[in-house]
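Quick note on the numbering used here: the sequence shown kicks off at 5 and runs consecutively.
Every residue gets a Cβ at the ideal spot worked out from N, C-alpha and C, and that includes glycine.
Since we're looking at a predicted model, the values are computed, not measured.
Report on one structure; see the data block that follows.
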Amino acid sequence: MKIAIGSDHAGYELKEYLKKTLKERGYDFIDVGTDTEASVDYTDFGLKVAKLVSEKAVDRGVLVCGTGGGMSITANKVKGVRAILVQDLYVAMQSRKHLDTNILVLGGRVIGKGLAEEIMKTWFDTPFEGGRHQGRIDKIMEWEDTHLN
Ligand code: RB5
């Protein structure tokens with residue numbers, strides 16, 4: 005599985021921590037930055053990861069900002085992206101089973117490293133169930149096809 009990960013300054017520390025888990029799991033991942041704790045715009049890094057997912061250059065994305073809100077808003081503007089802000093294991097699991105989410109968003113100033121790591125593992129390990137859930141996603145994609153460039 006190919007993955008893109010990115011953050012702003014507020015998510016930088018958690019992004020670096022999560023990269024260790026990605027490495028341990030042998031995932032092929034691209035880090036689009038940011039590379040320091042100097043202030044940057046979450047928008048720039050959210051769009052980088054979202055575009056890679058949208059273009060199918062990667063299978064999934066992980067984004068971290070302070071609350072997760074900015075990254076969620078940004079990523080979900082991009083066609084084909086289903087980004088989910090997650091703070092607990094139930095949503096991590098259900099968002100994969102029912103929504104086939106392709107970007108995981110975490111709030112670096114909201115949750116601890118241990119919970120974030122377990123959320124990410126659960127999110128990567130849970131498959132999409134398809135069936136009736138696919139039809140609902142198809143409706144989103146039809147809307148995108150007719151309303152987005
Ligand atoms: C940066 O200060 C902060 O606004 C950003 O990381 C994020 O929380 C936005 O949703």
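Beta carbon of residue i nearer than 8 angstroms to that of residue j
i      : j      : result
Ile9   : Leu22  : yes
Thr130 : Arg100 : yes
Lys52  : Val36  : yes
Ser43  : Gly112 : no
Phe49  : Thr38  : yes
Tyr46  : Gly74  : yes
Ala61  : Val109 : no
Ile141 : Asp104 : yes
Beta-carbon proximity list for residue i, same chain, < 6 angstroms, skipping 5 on both sides
i      : result
Lys183 : In this structure the chain extends from 5 to 153, so residue 183 is not present and cannot be described.
Ala96  : Val90, Ile123, Thr126 and Trp127
In DSSP terms, what residue i is bridged to
i      : result
Leu51  : In the DSSP output, where bridge partners are listed per residue, Leu51 has none listed.
Gln68  : Reading off the sequence shown, one finds Val at residue 68, where the question assumed Gln. DSSP, once it has assigned bridges, lists Ser11 and Leu110 as partnering Val68.
Lys125 : The partner list for Lys125 (beta bridge, DSSP) is empty, contrary to what the question assumes.
Lys6   : Asp32
Collapsed DSSP secondary structure at residue i in the structure displayed
i      : result
Ser99  : helix
Arg132 : Inspection of the sequence shows that residue 132 is occupied by Phe rather than by Arg. Correct three-state label for Phe132: coil.
Gly74  : helix
Val90  : coil
Ile115 : coil
Gly139 : helix
Ala79  : helix
Leu56  : helix
Thr40  : coil
Cut-off 7 angstroms between Cβ atoms - residues of its own chain near residue i, not counting five sequence neighbours on either side
i      : result
Val114 : Thr71, Gly72 and Gln91
Lys55  : Val82
Leu93  : Glu122, Ile123 and Thr126
His102 : Glu133 and His137
Tyr31  : Met5 and Ile7
Close-in-space but distant-in-sequence residues of the same chain around residue i (CB under 8 angstroms, 5 per side omitted)
i      : result
Asn106 : Val57, Asp63, Arg64, Gly65, Gly84, Val85, Arg86 and Ala87
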